[in-house]
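Remarks on the structure that follows.
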Ligand SMILES: [Zn+2]
Ligand SMILES: [Zn+2]
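In the working numbering, the protein residues as written are 177 to 449.
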């Protein structure tokens, strides 16, 4: 199984980091977790395309995690010629979000149908809203959900994806909580969106201080990884985004609390499990 970080950015625009998303490639079964800015471009860079996706899993409805879902839907439609539905899973609210996306694309959809007979079916999606504590199969992948904590964003979900003996946890934006521990227990890779609270708290922008209470900082992510005995901690969605000279500082911070492997994500970083 390959875990490809298709976007390691945050809401803050960055020329080198697409918005948050992660692609799981398990043989020819591709599953996308979240669909941030630039996701389809980065999927192409990862040797994938929306038409290869067996599912999209959404962690929560913050715009940075879903703003390019429309591109995933449209590109999937064009390339599949509307013959296959794109399965999209997410917390309650996902159905309405997807319906509204399709509604927003109505003019485009009608132009394309008028121009290409093959597209007559329109974009087909199959949205499944999930609760915490569910489990289901996508091909050979076992998917489990748990509740995460990112209030005032509610509800939010994290995912654990297993194939044979390999497991990866993709928990999205959350503070440490029971759900994250459950999903990340003994995993081969625990992918966590993180901030550096020591740096963010220095920001002169008071809105930045608001993000401190609903994200894991590096120390907390490392403590979680240690507590659940994860093999690897993969840091993504880093705020403030470090440059390469600052990576060692981030790793030092995590190593104080976690003794496994630490991966600082860049776009298209691939962790092979
Ligand atoms: Zn986010
Ligand atoms: Zn968020």
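The beta carbon of each residue, even a glycine, is placed where N, CA and C say it ideally should be.
For the beta strand (DSSP E) that residue i lies in, which residues bound it at each end?
| i | result |
| --- | --- |
| residue 371 | 365-371 |
| residue 339 | 333-339 |
| residue 345 | 342-346 |
| residue 420 | Looking at the DSSP string, residue 420 is not in any beta strand (DSSP E), and its letter there is neither H nor E. |
| residue 183 | 178-183 |
| residue 314 | 311-314 |
| residue 330 | Looking at the DSSP string, residue 330 is not in any beta strand (DSSP E), and its letter there is neither H nor E. |
On the DSSP letters alone, give me the boundaries of the alpha helix (DSSP H) that residue i sits inside.
| i | result |
| --- | --- |
| residue 358 | 354-360 |
| residue 383 | 382-386 |
| residue 394 | 394-403 |
| residue 424 | 423-431 |
Between residue i and ligand 1, is there a pair consisting of the residue's CB and a ligand heavy atom that are separated by less than 7 Å?
| i | result |
| --- | --- |
| residue 445 | no |
| residue 373 | no |
| residue 413 | yes |
| residue 428 | no |
| residue 267 | no |
| residue 240 | yes |
| residue 369 | yes |
| residue 186 | yes |
| residue 189 | no |
| residue 196 | yes |
Quick one: Cα of residue i to Cα of residue j, how far?
| i | j | result |
| --- | --- | --- |
| residue 392 | residue 255 | 38 Å |
| residue 296 | residue 249 | 15 Å |
| residue 380 | residue 302 | 44 Å |
| residue 443 | residue 221 | 9 Å |
| residue 339 | residue 290 | 43 Å |
| residue 365 | residue 332 | 20 Å |
| residue 283 | residue 277 | 12 Å |
| residue 313 | residue 300 | 21 Å |
| residue 430 | residue 413 | 15 Å |
| residue 311 | residue 335 | 10 Å |
| residue 216 | residue 321 | 25 Å |
| residue 239 | residue 212 | 8 Å |
| residue 180 | residue 200 | 6 Å |
| residue 397 | residue 246 | 31 Å |
| residue 224 | residue 309 | 29 Å |
| residue 227 | residue 253 | 8 Å |
| residue 438 | residue 411 | 8 Å |
| residue 401 | residue 270 | 29 Å |
| residue 358 | residue 323 | 10 Å |
| residue 206 | residue 373 | 34 Å |
| residue 237 | residue 419 | 28 Å |
| residue 375 | residue 327 | 22 Å |
| residue 280 | residue 286 | 12 Å |
| residue 484 | residue 416 | In the structure as shown, the chain starts at 177 and stops at 449, and residue 484 therefore has no counterpart that could be examined. |
| residue 388 | residue 421 | 24 Å |
| residue 234 | residue 293 | 31 Å |
| residue 195 | residue 241 | 7 Å |
May I ask whether a heavy atom of ligand 2 can be found less than 7 Å away from the beta carbon of residue i?
| i | result |
| --- | --- |
| residue 329 | yes |
| residue 385 | no |
Worksheet item: Where are the beta strand (DSSP E) runs, 3 residues long or more, that stay fully inside the region 243-289, in chain order?
Response: If you keep only unbroken beta strand (DSSP E) runs of at least 3 residues inside the region 243-289, you get 262-266.
Fill in: Contained beta strand (DSSP E) runs [length at least 3] in the region 188-216, N- to C-terminal order
At a cut-off of 3 residues, the continuous stretches assigned as beta strand (DSSP E) that sit fully inside the region 188-216 are 197-202, 205-209.
Practice prompt. Under 5 Å from any heavy atom of ligand 2, by CB: list those residues in chain order, please.
Written response: Qualifying residues come out as 238, 349.
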